[in-house]
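Asker: For reference, the structure I am asking about is given below.
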Amino acid sequence: MKTTVFLGTASAAMLVAGLAGAQTLSDVQERGTLNCGVSTGLTGFSAPNASGEWEGFDVAVCRAVAAAVLDDPSAVEFVPTTGKTRFTSLASGEIDLLSRNTTWTFSRDNDLKFEFAGVNYYDGQGFLIPKELGVTSAKDLDGATVCVQTGTTTELNLADFFRKNNISYEPVPIETNGEAQQQYIAGACDAYTTDASGLAATRASFENPSEHVILPEIISKEPLGPLVRHGDSEWGDVVRWTLNALVAAEEYGVTSANVQDMASAPGDNPEVNRLLGTEGELGAMIGLDNDWAVKAISAGGNYGELFARHIGEDTPVGLARGLNAQWTNGGLLYAPPFR
Amino acid sequence: MASISDHDTPKRRGFHPGMLLSDTRYRGLTFQFIALIAIICIASWLGWNLMRNFAAAGLNFSYGFLDNPANYDINQTLIDYTSRSSHLRAAIVGVINTLLVAIAGCILATLIGVSAGVMRLSKNWIVARLMSVYVEAFRNVPVLIWILIIGTVVTLSGGAPRDFLTRGGSVEPDRGLFLGSFAFTNRGLYAPAVEVGPGWPIVLGALVAGIVGFFLWRSHVKRTLFNSGKLLPVWPSWVILIAPVVIAELALGSISFIRPDVAANNFNIQGGTLIGKPFIALWLALSVYTGAFIAENVRAGILSVSTGQTEAAAALGLRPRRIMNLVVLPQALRVIVPPLISQYLNLTKNSSLAIAVGYADITATLGGITLNQTGRAIECVLLLMLFYLVISLTISGVMNIYNASVALKER
Amino acid sequence: MSDTHAQSVAFVRESFIPEQAPPARETGAIRWVRHNLFPTIPNAILTLLALYVIYVLLSGLLPWLLGGVWNAGSLSECREITGAGAGGCFAVLTERWNQLIFGFAFPQTEYWRPLLAFVLLFVAGAPALLPDLPRRLLILTALYPFVAYWLLWGGTILTPVSAFLGVLAGYFAFKATDRWSFALSLGAAVVAAVAVWWVGGWVASQERDFLAIQRIQSRDMGGYMLNMILGTVCISLSLPFGILLALGRQSRLPLIKYVCVAFIEFVRGVPLITLLFVANVVLAYFLPPDTNFDLILRVIIMITMFASAYIAEVIRGGLAALPRGQYEAADSLGLDYAQAMRLIILPQALKISIPGIVNVAVGLFKDTTLVSIISMFDVVGMIRGPILASTDWNGVYWELYGFAALLFFVTCYGISQYSQWLERKLATEHR
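Chains as they are written, first to last, in the UniProt record's numbering: chain A, 1 to 339; chain B, 1 to 411; chain C, 1 to 431.
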């Protein structure tokens with residue numbers, strides 16, 4: 001009985017003051033940490049390293065937002081979520097921001113009541129298959145057994161793709177990326193399907209990556225981005241413009257190395273000046289300090305730096321920029337003007 | 001006590017509020033009233049929170065999504081199902097899969113458990129020790145770990161179906177099918193499929209007639225034994241069981257087997273029946289795990305029958321086998337069956353871990369994919385709990401009936 | 001007499017024949033083998049089969065264990081070292097040892113705290129678990145939850161101290177008002193305890209750094225430590241709830257009885273995993289919009305509910321097994337319900353229920369692995385998530401699963417052996 005009551009107080013002590021509602025920004029500032037939902041482990045995007053530090057491209061978004069809001073890129077509580085738990089965690093206020101390769105879809109935006117703050121990675125679903133099978137097109141997969149992570153849009157795209165092409169397949173639903181790799185390597189499925197970026201990350205972790213190919217077909221559009229709860233536009237704006245700042249910084253050549261220099265005094269480019277807060281009052285308009293973007297960029301660098309460090313061609317994941325190049329280089333990245 | 005107070009003091013003194021606590025007649029009511037208020041408060045607090053949360057998030061409570069197309073495929077469907085079928089149908093597929101693995105698991109677990117339990121009591125030292133090791137190893141390690149381990153064993157032990165394929169006749173396969181019909185691969189067991197042709201109702205009818213005849217003959221033997229003391233042979237019952245269906249099939253030839261086809265496809269063996277790897281892994285894991293518990297129940301049951309019973313039966317001149325069948329087992333069963341049924345219940349509930357090996361049971365379809373895709377967490381979890389609750393209550397209902405029936409024979 | 005005999009009997013032996021050794025096949029090891037292993041032909045076949053099974057198991061296991069690699073940085077390094085050998089790659093255990101035991105987020109400098117709490121668990125558990133120790137030592141057991149809480153979660157020492165003082169105040173309030181009816185003194189105890197907690201909570205919130213050790217978020221806990229925490233906390237919490245539910249189910253008050261019956265049957269009727277889904281995805285909707293329990297606490301609530309229903313059924317069995325005379329004797333002494341239960345019925349019923357309670361405890365402890373399905377990183381979750389998904393260790397299954405199985409086996413087998421010992425001990429006391 002004693003323990004019962006005791007745990008009662010313990011629980012009361014652990015009650016975290018609340019979220020939900022329209023003051024996430026002030027809640028985060030009051031609390032001093034950002035609760036950020038990430039995936040339970042996907043090389044390059046979000047995974048704890050050997051010393052337990054979270055690392056990755058999605059993680060970097062959390063850190064940038066924390067830096068912009070709290071001036072401390074390490075003031076982030078990472079909450080690992082699965083495909084099943086991510087939306088409830090966000091809806092219930094357990095996390096302030098979900099940055100976990102989540103596809104922006106109509107129903108998630110409107111039926112599940114979330115607000116996507118933009119796209120940090122334009123992805124598409126592909127197939128990974130052993131070279132020795134000699135398959136060159138996804139349309140040749142008739143009768144194949146396909147491993148698919150359950151609880152994701154990939155499961156639905158897969159069904160649509162095979163149905164549209166009138167070919168048959170055998171799905172093997174898998175809970176985690178690790179187990180999907182196990183099944184695929186053991187030959188329990190002929191192909192593994194998930195976002196092309198995830199496939200690259202998975203292939204990177206194999207013993208002999210060159211024995212596997214990613215088929216050319218991309219069967220879906222997967223704009224992945226961070227999301228927040230509906231109905232808190234201020235907070236949504238903070239996340240959206242932090243992301244935009246990272247993209248714009250790359251466009252204007254602001255990097256983590258030169259951002260302090262450029263922010264120390266107004267330069268020639270008024271857009272950069274406004275971005276870095278040396279001109280105008282953009283920070284105050286979203287309720288932050290005027291140098292919020294400087295902090296966000298210093299946290300890990302601009303979009304291009306983050307990409308190169310976590311998932312770029314020099315990393316084991318080895319992704320090309322492709323659609324994720326700046327619009328000036330033929331990609332889709334296009335930050336709205338800072339004005 | 002009640003009669004004294006009824007006739008005595010209260011009527012004269014009348015009612016006063018203090019009696020609500022001090023008088024045993026009212027105290028119960030007071031406590032129940034307080035409890036009722038507390039329950040209503042808690043329930044309405046929870047409901048109010050739910051309403052506020054739903055209003056804040058703009059959500060609602062509705063089962064309308066069950067009619068929408070599910071849009072996902074399931075790898076083991078015993079009824080017609082495509083990705084265009086509704087979520088409801090996906091849930092039904094899950095229900096059927098759950099029931100299938102639960103029933104198959106209960107049967108295998110009973111076989112394993114009874115043999116292990118009996119062998120653990122065997123005088124054969126090695127066998128008894130081996131069974132103790134089995135029972136302790138499985139009882140003391142979580143079922144989830146066993147499911148994962150056995151899932152890995154099944155995945156890694158069979159070859160890939162590719163090894164069996166001729167790829168349209170162009171390639172010499174690494175392995176041939178066992179008996180030309182069976183292949184154990186890491187995707188499951190390929191076996192011939194059964195196809196029924198015209199005249200199948202007659203074959204089915206013959207089978208039913210055989211089963212009825214089987215039991216009729218057995219009861220006839222029993223009646224003759226009790227009435228006249230004459231023991232008729234039992235073996236004709238097996239003839240009655242098998243003969244009609246065999247004759248009907250030979251005459252009509254309505255059942256045919258389709259062998260798995262290794263030439264039609266580049267990835268998988270086609271045709272025939274595939275007993276999927278997820279099913280095999282989950283089925284084996286649940287059966288072996290639950291078997292260890294059943295072995296303990298069986299051992300306890302047999303030990304509970306005192307040796308005096310066996311000796312008395314021997315003194316009456318019964319043969320050892322009849323002692324087991326007529327004296328020991330009926331008494332042991334009374335001890336074995338109730339925990340056995342609750343083990344069945346546990347097995348059914350443990351089958352909800354199916355997703356760990358990718359088996360599409362109700363927890364994986366309704367509580368997994370449907371829940372994720374629709375975001376209807378409360379609706380899905382409620383429905384899921386309701387299903388398991390119905391199963392559990394049914395099984396405990398059966399157990400109560402059994403308990404009542406054995407209780408009648410007690411003196 | 002002897003004469004007649006001497007004539008009618010041709011030979012009388014007058015000394016014993018010296019004892020002879022029994023035939024070789026009826027002595028020593030051979031006899032044992034014949035009688036225990038090969039008494040009949042089916043039995044002999046069974047023996048050979050068993051020997052074969054043992055051979056298969058050992059021939060796979062021994063080279064794997066003995067040829068194992070304990071020092072390497074990744075699976076491919078392991079494979080280089082073992083070459084074509086069958087040795088296991090146990091290096092994953094040494095390299096990820098801390099993650100397997102403490103989870104990946106627990107601060108490395110603070111590992112001594114859960115270790116100390118674990119050691120203290122035995123110190124505190126001993127008086128409750130070993131009937132021979134003096135009863136006075138139970139104070140250690142009572143202190144333990146507060147110490148363990150402070151060690152595991154950290155923060156100022158004022159929180160556990162004031163929680164303990166609250167309990168103490170409640171206890172003395174109960175003692176002081178002992179002569180009132182049970183319900184009233186219970187109420188007094190609750191009031192006293194809550195008052196102290198309120199004051200203590202206020203003080204603790206003011207002096208957050210008084211004798212504070214590093215605060216640790218519960219989501220940072222993982223590995224086997226998480227299983228231990230969940231198991232210990234939920235089992236100890238579910239005991240009092242289980243007792244209350246069992247008493248409620250036996251109650252003569254229909255409302256209370258049916259509420260308890262409905263609760264017990266509902267919880268026992270659904271798998272634990274659905275309750276964990278509730279903790280994970282549903283419970284948040286039923287709490288006020290401005291509160292937020294962390295996941296571990298929601299999980300503790302649901303597992304405790306689950307365990308209390310099972311313990312309630314075990315205790316109900318114990319209550320039912322008590323002879324009616326005990327109830328009637330208590331009534332005839334003029335004890336009221338609370339006194340009768342506290343002094344006569346429950347001590348006996350609980351004693352009978354010990355084996356059942358231990359069974360539930362072992363089952364519950366094993367079930368704590370299910371939290372890995374709802375994205376918590378207990379030992380199974382660590383294996384299935386970060387470790388197997390990492391580039392270095394992708395493909396090491398047996399070593400990891402075997403290790404997890406071994407951890408649980410040692411713990412659960414230990415508990416069940418203890419329970420059997422206790423059963424024997426308590427049984428002899430009755431004779």
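Glycine included, each C-beta is placed from N, C-alpha and C at the ideal position.
Suppose you measure from the CA of A/G21 to the CA of C/F182; what does that come to, to the nearest Å?
Answerer: One-based indexing of the first sequence puts residue 21 of chain A at position 21. One-based indexing of the third sequence puts residue 182 of chain C at position 182. Low per-residue confidence applies at A/G21: pLDDT is 46, beneath 50, and the placement is therefore not dependable enough to give any value.
Asker: Do C/Y171 and the ligand PLP come close, with the Cβ less than 6 Å from some heavy atom?
Answerer: No copy of the ligand PLP occurs in the structure displayed, which carries no ligand at all.
Asker: Would you mind sorting A/K295 into buried or exposed? The rule is 16 or more other CB atoms within 10 Å of its CB.
Answerer: Position 295 of the first sequence, counting from 1, holds the residue named residue 295 of chain A. Buried.
Asker: Does the distance from the C-beta atom of A/Y121 to that of A/L224 stay below 7 Å?
Answerer: By one-based count along the first sequence, residue 121 of chain A stands at place 121. By one-based count along the first sequence, residue 224 of chain A stands at place 224. Yes, they are a contact pair.
Asker: Listed in chain order, which residues of the stretch 39-57 of chain C have Cβ atoms closer than 8 Å to some Cβ of chain B?
Answerer: Within the stretch 39-57 of chain C, the residues whose Cβ lies closer than 8 Å to some Cβ of chain B are P39, N43, L46, T47, A50, L51, V53, I54, listed in chain order.
Asker: Where does the unbroken alpha helix (DSSP H) through residue 495 of chain B begin, and where does it stop?
Answerer: Not covered by the structure: residue 495 of chain B. The range shown for chain B is 1 to 411.
Asker: Closer than 7 Å, CB to CB, is C/T274 near chain B or not?
Answerer: For the purposes of this step, residue 274 of chain C is identified with residue 274 of the third sequence, where counting begins at 1. By this cut-off, C/T274 is an interface position.
Asker: Taking 7 Å as the cut-off, decide whether the C-beta atoms of A/G56 and A/A47 are in contact.
Answerer: Along the first sequence, read from residue 1 onward, the residue named residue 56 of chain A stands at position 56. Along the first sequence, read from residue 1 onward, the residue named residue 47 of chain A stands at position 47. Cβ distance < 7 Å, so A/G56 and A/A47 count as in contact.
Asker: Just by C-beta distance, which residues in the stretch 73-84 of chain A are closer than 9 Å to chain C?
Answerer: E77, F78, V79, P80, T81, T82, K84
Asker: Buried or exposed for B/F226, please, with buried defined as at least 16 other CB atoms from any protein chain shown within 10 angstroms of its CB.
Answerer: Indexing the second sequence from 1 puts residue 226 of chain B at position 226. It is exposed - the Cβ of B/F226 has fewer than 16 other Cβ atoms within 10 Å.
Asker: List the whole-angstrom C-beta distance separating A/W327 from A/I286, where the pair is believed to meet the contact cut-off of C-beta under 8 Å.
Answerer: Indexing the first sequence from 1 puts residue 327 of chain A at position 327. Indexing the first sequence from 1 puts residue 286 of chain A at position 286. Contact doesn't hold; Cβ gap of about 23 Å is too wide.
Asker: Between the Cα of A/N49 and the Cα atoms of C/G385, C/P42, C/F16, C/M302, which residue gives the shortest distance?
Answerer: The residue given as residue 49 of chain A occupies position 49 in the first sequence. When each option's Cα is compared against that of A/N49, the closest is C/G385.
Asker: Which chain B residues are close to A/R163, counting only those with a beta carbon under 9 Å from its beta carbon?
Answerer: Sequence index remark: in the first sequence, residue 163 of chain A carries index 163 (1-based). Here the neighbours are D73, T82, S83, R84.
Asker: Determine, using beta carbons only, whether B/A356 and B/W146 come nearer to each other than 7 Å.
Answerer: By one-based count along the second sequence, residue 356 of chain B stands at place 356. By one-based count along the second sequence, residue 146 of chain B stands at place 146. Taking 7 Å as the Cβ cut-off, B/A356 and B/W146 do not qualify as a contacting pair.
Asker: Below 8 Å between beta carbons is the criterion; list the residues of the stretch 176-201 of chain A that meet it against any residue of chain C, in chain order.
Answerer: From the stretch 176-201 of chain A, only T176, N177, G178, E179, Q181, Q182, I185 have a Cβ closer than 8 Å to chain C.
Asker: For C/P204, which three-state DSSP category applies?
Answerer: Here residue 204 of chain C refers to the residue found at position 204 of the third sequence. Note that residue 204 of chain C is Ala in the sequence shown, not Pro. In the structure shown, C/A204 adopts helical secondary structure according to DSSP, grouped into three states.
Asker: Please specify which runs of the alpha helix (DSSP H), each continuous and at least 4 residues long, are wholly inside the stretch 124-210 of chain B, giving them in chain order.
Answerer: 125-139, 143-157
Asker: Exposed or buried, what is B/W235 when buried is set at 16 or more other beta-carbons lying within 10 Å of its beta-carbon?
Answerer: Sequence index remark: in the second sequence, residue 235 of chain B carries index 235 (1-based). Exposed is the label assigned to B/W235, since fewer than 16 other Cβ atoms lie within 10 Å of its Cβ.
Asker: Which residues in chain B sit within 7 Å of C/V278, going by Cβ to Cβ distance?
Answerer: For the purposes of this step, residue 278 of chain C is taken as the residue at position 278 of the third sequence. Ordered by position in chain B, the residues that pass the 7 Å Cβ test against C/V278 are V381.
Asker: Taking only the alpha-carbon atoms, compute the straight-line gap between B/I74 and B/T365 and give it to the nearest angstrom.
Answerer: Taking the first residue of the second sequence as 1, we reach residue 74 of chain B at position 74. Taking the first residue of the second sequence as 1, we reach residue 365 of chain B at position 365. B/I74 and B/T365: Cα-Cα distance of roughly 8 Å.
Asker: For the stretch 182-208 of chain B, list every residue whose C-beta sits within 9 Å of some C-beta in chain A, in sequence order.
Answerer: T185, N186, R187
Asker: Under 9 Å between beta-carbons, which chain B residues line up against C/T27? List them in chain order, please.
Answerer: Indexing the third sequence from 1 puts residue 27 of chain C at position 27. Ordered by position in chain B, no residue passes the 9 Å Cβ test against C/T27, which lies about 17 Å from the chain.
Asker: Tell whether a beta-carbon distance below 7 Å holds between B/D261 and B/N97.
Answerer: Taking the second sequence and counting its residues from 1, one reaches residue 261 of chain B at position 261. Taking the second sequence and counting its residues from 1, one reaches residue 97 of chain B at position 97. No, these two residues do not count as a Cβ contact at 7 Å.
Asker: Looking at the secondary structure, which residues open and close the alpha helix (DSSP H) in which C/F277 lies?
Answerer: In the third sequence, the residue the question calls residue 277 of chain C occupies position 277. Segment 272-277, the alpha helix (DSSP H) holding C/F277.
Asker: I want to know whether the stretch 393-404 of chain B touches the stretch 337-345 of chain B - three or more CB-CB distances under 8 Å.
Answerer: yes
Asker: Under a Cβ-count criterion, where at least 16 other Cβ atoms within 10 Å of its own Cβ denotes burial, should B/M51 be classed as buried or exposed?
Answerer: Position 51 of the second sequence, counting from 1, holds the residue named residue 51 of chain B. The residue is exposed, with fewer than 16 neighbouring Cβ atoms inside 10 Å.
Asker: Please state whether the Cβ-Cβ distance between C/V360 and C/S419 is less than 7 Å.
Answerer: Position 360 of the third sequence, counted from the start, is the residue given in the question as residue 360 of chain C. Position 419 of the third sequence, counted from the start, is the residue given in the question as residue 419 of chain C. In this structure, C/S419 does not lie closer than 7 Å to C/V360 by Cβ.
Asker: Between the alpha carbons of B/S44 and C/R298, how many angstroms are there, rounded?
Answerer: If you number the second sequence from 1, residue 44 of chain B lands on position 44. If you number the third sequence from 1, residue 298 of chain C lands on position 298. When rounded, the separation of the alpha-carbon atoms in B/S44 and C/R298 is 20 Å.
Asker: Determine the chain B residues that contact A/K113 at a beta-carbon separation under 8 Å, and present them in chain order.
Answerer: Counting from one through the first sequence, the residue named residue 113 of chain A turns up at place 113. Residues of chain B passing the Cβ test: A57, G58, L59.
Asker: With B/H16 as the anchor, note down where its alpha helix (DSSP H) starts and where it stops.
Answerer: As a position in the second sequence, residue 16 of chain B is number 16, starting the count at 1. Run containing B/H16: none; DSSP gives neither H nor E here.
Asker: Given a cut-off of 7 Å on the beta-carbon distance, is the pair C/A307 and C/S238 in contact?
Answerer: Sequence index remark: in the third sequence, residue 307 of chain C carries index 307 (1-based). Sequence index remark: in the third sequence, residue 238 of chain C carries index 238 (1-based). Yes, the Cβ-Cβ distance between C/A307 and C/S238 is below 7 Å.
Asker: Can you tell me whether DSSP reads A/Q149 as helix, strand or coil?
Answerer: Indexing the first sequence from 1 puts residue 149 of chain A at position 149. In the structure shown, A/Q149 sits in a strand (DSSP, three-state: E or B).
Asker: By the criterion of Cβ-Cβ separation under 9 Å, what are the contact partners of A/G143 in chain B?
Answerer: Taking the first residue of the first sequence as position 1, residue 143 of chain A is located at position 143. Neighbours of A/G143 on chain B, chain order: A264, N265, N266, F267, N268, Q270.
Asker: Spatial neighbours of C/R208 within its chain, please: C-beta separation below 8 Å, excluding the five flanking residues on both sides.
Answerer: Position 208 of the third sequence, counted from the first residue, corresponds to residue 208 of chain C. Cβ neighbours of C/R208 beyond the five flanking positions: G155, T156.
Asker: From B/V328, B/T152, B/V135, pick the residue whose C-alpha is nearest to that of C/W398; which is it?
Answerer: Here residue 398 of chain C refers to the residue found at position 398 when the third sequence is read from its first residue. Nearest C-alpha to C/W398: B/T152.
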